[in-house]
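Residue numbers (the numbering used here), protein chains in the order written: chain A, 1 to 540; chain B, 1 to 131.
C-beta atoms are modelled at their ideal positions from N, C-alpha and C, and glycine is treated no differently.
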Amino acid sequence: MSSMGSSATTSMTSRSVHVPPEIVRKWQEVVDVLAEIMHVPSASIMRVEPPRIKVFVSSASAGNPCAPGSVDTGPYCATVMKARQPLLVADARANEAWKSNSHVQQGMISYLGVPISWPDGQMFGTICVRDNKRNEYSEAYLKLLLHFRDLLQADLTSLAALHGALEQREVKIRRLFEANMIGIFVWDVEGRILEANEAFLRIVQYDREDLLAGRVRWSDMTPGEWREDTARRVTEVTTTGTTQPREKEYFRKDGSRVPVLVGGATISEEQDRGIAFVVDLSERKRAEAEAREIDRRYRDMQMELAHANRVATMGQLTASIAHEVKQPIAATVSNAQAALRWLAREPPDLEEVREALAHIVQDGKRAGDVVGRIRDLIKKAPPREDRFDINTAIREVIGLSRSEALKTGVAVRTELAGGLPLIRGDRVQLQQVMLNLIVNAIEAMSEMDEGPRELLINTAKSEAGDVRVAVRDSGPGLVPAESERLFEAFYTTKPSGLGLGLSICRSIVEAHGGRLWASASAPRGATFQFTLPIDSARSP
Amino acid sequence: MAEVISIIDDDPSVRTATARLLRSMGFSVYAFASAQEFLSSPQLHETSCVIADVQMPGMSGIELQEYLIAHDHGMPVIFITAFPHESVRERAMKSGAVCFLSKPFDEPQLLECVQRALMRLQRPAGPPGTE
Numbered sequence: 001m002s003s004m005g006s007s008a009t010t011s012m013t014s015r016s017v018h019v020p021p022e023i024v025r026k027w028q029e030v031v032d033v034l035a036e037i038m039h040v041p042s043a044s045i046m047r048v049e050p051p052r053i054k055v056f057v058s059s060a061s062a063g064n065p066c067a068p069g070s071v072d073t074g075p076y077c078a079t080v081m082k083a084r085q086p087l088l089v090a091d092a093r094a095n096e097a098w099k100s101n102s103h104v105q106q107g108m109i110s111y112l113g114v115p116i117s118w119p120d121g122q123m124f125g126t127i128c129v130r131d132n133k134r135n136e137y138s139e140a141y142l143k144l145l146l147h148f149r150d151l152l153q154a155d156l157t158s159l160a161a162l163h164g165a166l167e168q169r170e171v172k173i174r175r176l177f178e179a180n181m182i183g184i185f186v187w188d189v190e191g192r193i194l195e196a197n198e199a200f201l202r203i204v205q206y207d208r209e210d211l212l213a214g215r216v217r218w219s220d221m222t223p224g225e226w227r228e229d230t231a232r233r234v235t236e237v238t239t240t241g242t243t244q245p246r247e248k249e250y251f252r253k254d255g256s257r258v259p260v261l262v263g264g265a266t267i268s269e270e271q272d273r274g275i276a277f278v279v280d281l282s283e284r285k286r287a288e289a290e291a292r293e294i295d296r297r298y299r300d301m302q303m304e305l306a307h308a309n310r311v312a313t314m315g316q317l318t319a320s321i322a323h324e325v326k327q328p329i330a331a332t333v334s335n336a337q338a339a340l341r342w343l344a345r346e347p348p349d350l351e352e353v354r355e356a357l358a359h360i361v362q363d364g365k366r367a368g369d370v371v372g373r374i375r376d377l378i379k380k381a382p383p384r385e386d387r388f389d390i391n392t393a394i395r396e397v398i399g400l401s402r403s404e405a406l407k408t409g410v411a412v413r414t415e416l417a418g419g420l421p422l423i424r425g426d427r428v429q430l431q432q433v434m435l436n437l438i439v440n441a442i443e444a445m446s447e448m449d450e451g452p453r454e455l456l457i458n459t460a461k462s463e464a465g466d467v468r469v470a471v472r473d474s475g476p477g478l479v480p481a482e483s484e485r486l487f488e489a490f491y492t493t494k495p496s497g498l499g500l501g502l503s504i505c506r507s508i509v510e511a512h513g514g515r516l517w518a519s520a521s522a523p524r525g526a527t528f529q530f531t532l533p534i535d536s537a538r539s540p
Numbered sequence: 001m002a003e004v005i006s007i008i009d010d011d012p013s014v015r016t017a018t019a020r021l022l023r024s025m026g027f028s029v030y031a032f033a034s035a036q037e038f039l040s041s042p043q044l045h046e047t048s049c050v051i052a053d054v055q056m057p058g059m060s061g062i063e064l065q066e067y068l069i070a071h072d073h074g075m076p077v078i079f080i081t082a083f084p085h086e087s088v089r090e091r092a093m094k095s096g097a098v099c100f101l102s103k104p105f106d107e108p109q110l111l112e113c114v115q116r117a118l119m120r121l122q123r124p125a126g127p128p129g130t131e
């Protein structure tokens with residue numbers, strides 16, 4: 001007969017492999033055909049389910065005492081499997097060993113059966129036929145039986161392969177599950193969580209008891225505002241099989257929220273349950289919040305520094321500013337006194353009085369303007385978006401610094417190009433830059449013992465179409481290699497200086513999309529220039 | 001009878017206001033925006049008294065005073081300034097200024113200074129600084 005090599009490996013699980021319905025149907029057909037061809041009342045396939053042997057399928061022929069699912073009590077199949085050999089019993093009554101077995105009692109006195117094994121050699125069961133009369137079961141019938149046996153074993157080979165693959169996958173998933181690197185849980189569409197690893201339980205701070213008691217449900221853990229999105233995700237995963245990782249939140253056991261990244265896939269045929277992968281985003285959210293906080297504080301600090309710089313610059317100019325205001329005030333006092341005198345004349349000279357009063361109004365406004373401009377420059381106002389003429393803004397600043405220039409004997413000249421396009425940006429901030437450059441220039445020149453003290457302020461349209469402003473002095477100049485260092489924060493040559501002015505000026509200009517730089521001028525002195533793009537858009 | 005007073009101040013408001021005030025006091029007044037303008041005008045020789053600002057572009061008030069002394073123009077000078085620095089004041093008075101006033105000035109004080117200045121013209125001129 002056929003020999004079956006015993007396989008080296010023993011798989012315990014092959015005994016629990018489920019035979020799918022379509023294979024069962026096929027095997028049913030086999031035994032039905034077998035019974036018909038061989039003209040026997042009973043053809044069956046037996047399966048070993050330790051410690052018993054059960055009837056797996058049995059022919060629907062008349063007079064078949066073997067009912068599917070029933071236990072096989074006879075010795076035949078057990079013998080076949082133990083010996084791993086076919087067995088032929090032509091007439092049980094003629095044999096001392098067989099004549100009183102249960103099959104004879106059922107009227108089945110002859111038997112032919114062959115063993116069926118798994119690809120790894122483990123016994124599956126037998127395929128056998130029984131007859132209620134003596135039957136020699138010819139060679140041809142044995143061959144037939146063996147042929148069918150081969151068919152069945154081919155089916156078992158496929159099943160084993162499939163089962164093996166499934167097992168491997170399960171092992172992999174379980175390994176991932178138990179590694180607890182990320183939270184994993186098994187869900188169903190009803191909202192239940194069927195299984196979960198420690199990592200997941202830790203994220204939502206439930207314990208295993210809660211899980212086993214069914215108290216952990218993803219539907220309950222989803223906050224209201226995430227319901228709609230989650231419903232969409234469930235639809236996606238049940239129709240397409242997967243859903244990409246996306247952010248949401250869960251309620252922890254104590255009601256607090258945890259930000260998470262969740263992705264998933266279905267694992268059943270019916271697509272009604274699956275696995276979900278959960279990553280705790282608390283750390284990342286915390287880091288993001290911190291970064292935003294640092295950014296905000298940095299911006300606040302920038303504003304504080306800009307403000308401090310303004311105040312410091314204005315402090316330097318206090319005496320000069322006082323002068324600017326004193327002029328219109330002095331004129332007003334004189335005008336008023338003159339008006340009184342004219343009124344006291346006989347007759348009063350009303351024309352002179354009117355003129356005096358008109359000038360008082362004018363000078364009062366001028367004083368108010370100066371004060372207003374000074375206040376603007378000191379105010380801590382957020383960046384504005386004005387549209388303005390750069391030349392007018394510059395003239396105002398020159399007006400403010402005129403007395404300082406006069407005091408130090410600096411001659412101020414301007415060459416302001418006509419027809420310049422309007423600038424869009426923060427007028428006061430840019431005036432701050434101008435003021436800073438002018439004051440620096442004046443200070444640099446005031447320290448010279450000899451030589452002319454000339455300040456030239458010039459505006460022009462550059463070749464690129466930008467507006468260019470230049471402040472040129474005749475002072476000691478600068479070393480070209482050092483010209484960039486000047487703009488570093490805290491760089492200063494003044495013993496009492498903070499060294500912040502130029503670095504802040506540069507950030508203001510750059511925030512307007514322009515550039516600020518310094519160069520040595522010939523024959524002496526330094527030039528500080530900045531450009532402003534005319535469609536000057538502020539950086540947010 | 002009206003004495004000629006020349007005001008020199010680069011600030012237009014102050015210039016016209018001071019001129020108006022002096023006119024209301026009954027004087028004849030000419031106003032100039034700079035020392036150079038005054039020195040190159042015909043009023044230079046008519047002027048009985050100069051009232052000048054200290055800080056001006058070009059020739060300053062102090063420099064004007066020195067020029068006048070050097071060129072034997074004997075008219076008295078009164079200074080009005082928004083920058084009453086002690087060192088400047090000393091220098092001005094040493095060179096023979098009648099008064100050194102800070103803006104805004106007191107009107108009776110100005111009048112008194114002008115009267116003193118005009119009286120100097122009547123008296124024979126003594127060495128500067130002996131008033």
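The alpha carbon of D220 (chain A) has as its nearest neighbour, out of A:A199, A:R246, A:G241, A:R257, the alpha carbon of A:R257.
E66 (chain B) has a beta carbon lying at 8 Å or more from every beta carbon in chain A. Scanning its chain for C-beta atoms nearer than 8 Å, with the 5 sequence neighbours on each side dropped, one finds around V479 (chain A) the residues A520, in chain order. Put simply, the backbone Cα of Q115 (chain B) is about 24 Å away from that of S60 (chain B). Proximity of R341 (chain A) to chain B, defined by a Cβ-Cβ separation below 8 Å, is satisfied.
Taking 8 Å as the cut-off, the beta carbon of T157 (chain A) is found no closer than this to the beta carbon of P115 (chain A). DSSP places M46 (chain A) within a strand segment (E or B) once states are collapsed to three. The beta-carbon of V439 (chain A) is placed no less than 8 Å from the nearest beta-carbon of chain B.
Within the same chain, Cβ atoms closer than 8 Å to the Cβ of V104 (chain A) are found at A92, R93, W98, the five residues on either side in sequence being excluded. Proximity to L532 (chain A) across A:I203, A:G465, A:L281 peaks at A:G465, based on C-alpha coordinates.
Along the stretch 73-101 of chain B, the positions whose C-beta sits under 7 Å from a C-beta of chain A are A82, F83, read in chain order.
For R227 (chain A), the number of other beta carbons within 10 angstroms of its own is below 16, and it is reported as exposed. Residue environment analysis places S100 (chain A) among the exposed positions, since fewer than 16 neighbouring C-beta atoms fall within 10 angstroms of its C-beta. When DSSP states are grouped into helix, strand and coil, W226 (chain A) belongs to the helix group. At the C-beta level, L456 (chain A) and R472 (chain A) come within 8 Å of one another. Under the three-state reduction of DSSP, Y141 (chain A) is assigned to helix. Contact between the stretch 235-243 of chain A and the stretch 138-148 of chain A is absent: fewer than three C-beta pairs spanning the two stretches fall below 8 Å. The CB of P104 (chain B) comes closer than 9 Å to the CB of K326, I329, A330, A331, T332, V333, S334 in chain A, given here in chain order. Taking 8 Å as the CB threshold, T16 (chain B) lines the interface with chain A.
In summary, no residue of the stretch 420-436 of chain A has a CB separated from any CB of chain B by less than 7 Å. At least one CB atom of chain B sits nearer than 8 Å to the CB of R366 (chain A). Secondary structure at A97 (chain A): coil, using DSSP grouped into helix, strand and coil. The C-beta separation of V186 (chain A) from L194 (chain A) comes to about 4 Å, placing the pair in contact by the 8 Å criterion.
Inclusion of Q431 (chain A) and A470 (chain A) in the CB contact set at 8 Å is not warranted, their separation being larger than that value. Annotation: the continuous beta strand (DSSP E) that includes A518 (chain A) extends over 516-520. Y298 (chain A) carries a helical assignment under DSSP once its states are collapsed to helix, strand and coil. Contact holds between the stretch 76-91 of chain B and the stretch 32-52 of chain B, because three or more Cβ pairs, one in each stretch, are under 8 Å apart. Taking the beta carbon of D363 (chain A) as reference, the chain B residues within 7 Å of it are S13, listed in sequence order. L400 (chain A) has a beta carbon lying at 8 Å or more from every beta carbon in chain B.
Secondary structure within the stretch 132-219 of chain A: the beta strand (DSSP E) runs of 3 or more consecutive residues, fully enclosed, are 183-188, 193-196 (chain order). Secondary structure at S117 (chain A): strand, using DSSP grouped into helix, strand and coil. Excluding the 5 residues flanking it on each side, N180 (chain A) has same chain C-beta neighbours closer than 6 Å at N197, E198, A199, in chain order. When rounded, the separation of the alpha-carbon atoms in I109 (chain A) and S102 (chain A) is 10 Å. Annotation: Cβ neighbours of L406 (chain A) in chain B (cutoff 8 Å, chain order): Q55, M56, P57. For A276 (chain A), the uninterrupted beta strand (DSSP E) segment begins and ends at 273-280.
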